[in-house]
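I have placed the structure first, in the form of structure tokens, so that the comments after it can refer back to it.
Protein chains: 2
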Amino acid sequence: MPLPFDVLAEPSRRKILDLLLERPRLVGELTQQLGLSQPGTSKHLRVLREAGLVQVRQDAQRRWYELRPEPLAELDAWLAHYRHLWTGRLDALERHLDAMEDDPR
Amino acid sequence: MPLPFDVLAEPSRRKILDLLLERPRLVGELTQQLGLSQPGTSKHLRVLREAGLVQVRQDAQRRWYELRPEPLAELDAWLAHYRHLWTGRLDALERHLDAMEDDPR
DNA sequence: CGGCTATATAACCCGAATGGCATGCTGACG
DNA sequence: CGTCAGCATGCCATTCGGGTTATATAGCCG
Chain D
1 MPLPFDVLAE PSRRKILDLL LERPRLVGEL TQQLGLSQPG TSKHLRVLRE AGLVQVRQDA
61 QRRWYELRPE PLAELDAWLA HYRHLWTGRL DALERHLDAM EDDPR
Chain F
1 MPLPFDVLAE PSRRKILDLL LERPRLVGEL TQQLGLSQPG TSKHLRVLRE AGLVQVRQDA
61 QRRWYELRPE PLAELDAWLA HYRHLWTGRL DALERHLDAM EDDPR
């Protein structure tokens with residue numbers, strides 16, 4: 001699963017994630033919030049789905065979309081390489097926490 | 001300064017950041033590592049510069065490019081909204097650390 | 001000064017991504 | 001069963017971004 005930068009580069013897709021952060025939503029609901037056509041929304045949802053950022057739950061004709069955070073966690077891991085550049089004295093604690101995640105006894 | 005997702009969506013630009021993470025570099029050096037033309041490299045560097053992700057230090061005809069992490073810190077702040085989705089028991093500690101950054105006594 | 005080195009900018013080409021409309025598909029319901 | 005609701009897909013037009021080559025700019029050095 002490659003890093004989802006290109007998927008997140010699209011403002012509408014980030015807005016979808018923001019909306020799904022509150023609760024799962026139907027396509028029609030997202031369409032309304034985004035202010036674009038229903039097919040447009042469906043296309044963005046497809047991209048998000050194929051990137052693993054959302055998943056669908058079917059309910060009759062309706063589709064509930066909800067978040068899947070794994071790709072965001074990978075993004076976070078990528079960012080970690082740079083994080084020491086803007087965090088100061090917390091570095092040691094962070095390295096300790098990272099180590100704990102590798103071996104969480 | 002908007003979130004730099006679109007800037008980071010480009011693999012060559014992420015590679016530039018990776019290279020600059022080790023040390024500042026000259027344009028020619030980056031060009032060689034990226035395997036594209038010198039103007040191509042300069043274009044990417046311009047985009048990175050305008051996004052605040054790198055800065056230049058001039059030295060005669062040479063330009064030393066180096067990292068500027070601020071936009072990455074903003075990205076990190078954006079990610080923070082989602083982080084509770086994949087971190088479990090560390091949440092409380094993280095909230096504590098965030099609070100410390102606001103009021104670091 | 002003349003020419004070379006290092007980098008930036010300009011002009012152009014091309015593929016890909018986005019947005020819209022029209023249409024297809026599926027399940028509910030009278 | 002026929003129709004409607006909810007969503008996906010196909011197709012087209014347009015835009016945008018990244019690549020290259022050619023050229024401009026600036027500073028060193030002989």
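Note that the protein sequences, when read in sequence, are chains D and F. Under UniProt numbering, think of the first position of the first sequence as 1, with each following residue one higher. Under UniProt numbering, think of the first position of the second sequence as 1, with each following residue one higher. Note that beta-carbon positions come from the ideal geometry of N, C-alpha and C, so glycine has one too. Remember, it's a predicted structure, so these values are computed and weren't measured experimentally.
Item: Please report the residue range of the alpha helix (DSSP H) in which Leu19(F) lies.; Value: 11 to 22
Item: Could you give the distance in angstroms between the alpha-carbon of Leu72(F) and the alpha-carbon of Ile16(F)?; Value: 14 Å
Item: Measure the alpha-carbon distance for Pro69(D) versus Arg63(F) and round it to whole angstroms.; Value: 40 Å
Item: Quick one: which chain D residues come within Cβ less than 8 Å of Tyr82(F)?; Value: Leu17, Leu21, Leu67, Pro69, Leu72
Item: Any Cβ of chain F within less than 9 Å of the Cβ of Ala60(D)?; Value: no
Item: Arg14(F) CB to nearest chain D CB: under 9 Å?; Value: yes
Item: Buried or exposed for Asp18(F), going by 16 or more other Cβ atoms inside 10 Å?; Value: exposed
Item: For Leu48(D), I'd like the list of residues in its chain whose CB is within less than 7 Å of its CB, leaving aside the five on either flank, ordered along the chain.; Value: Val7, Arg13, Ile16, Val54
Item: Straight-line CA distance for Glu29(D) to Leu36(F)?; Value: 44 Å
Item: Pop quiz: Ala9(D) and Phe5(F) are said to be a contact at Cβ under 8 Å. What is the actual Cβ separation, rounded to whole angstroms?; Value: 4 Å
Item: Closer than 9 Å, CB to CB, is Trp86(D) near chain F or not?; Value: yes
Item: For Arg105(F), does the three-state DSSP call read helix, strand or coil?; Value: Bear in mind that the predicted position of Arg105(F) carries a pLDDT of just 40, short of 50, making it unreliable; the figure below should be weighed with that in mind. Coil, per DSSP.
Item: Out of His81(D), Leu20(D), Trp86(D), Ala77(D), which one is the CA nearest neighbour of Pro2(D)?; Value: Ala77(D)
Item: Could you check what DSSP says for Trp64(D) in three-state terms: helix, strand or coil?; Value: strand
Item: Below 8 Å on the Cβ atoms is my guess for Leu67(F) versus Leu20(F); work out the distance and round it to an integer in Å.; Value: 5 Å
Item: Find the residues of chain D that neighbour Leu75(F), judging by a C-beta separation of less than 7 Å, and give them in chain order.; Value: Leu79
Item: Using a Cβ-Cβ cut-off of 7 Å (strictly less than) and excluding sequence neighbours within five positions of Thr41(D), which residues of its own chain qualify?; Value: Val27, Leu30, Thr31, Leu34
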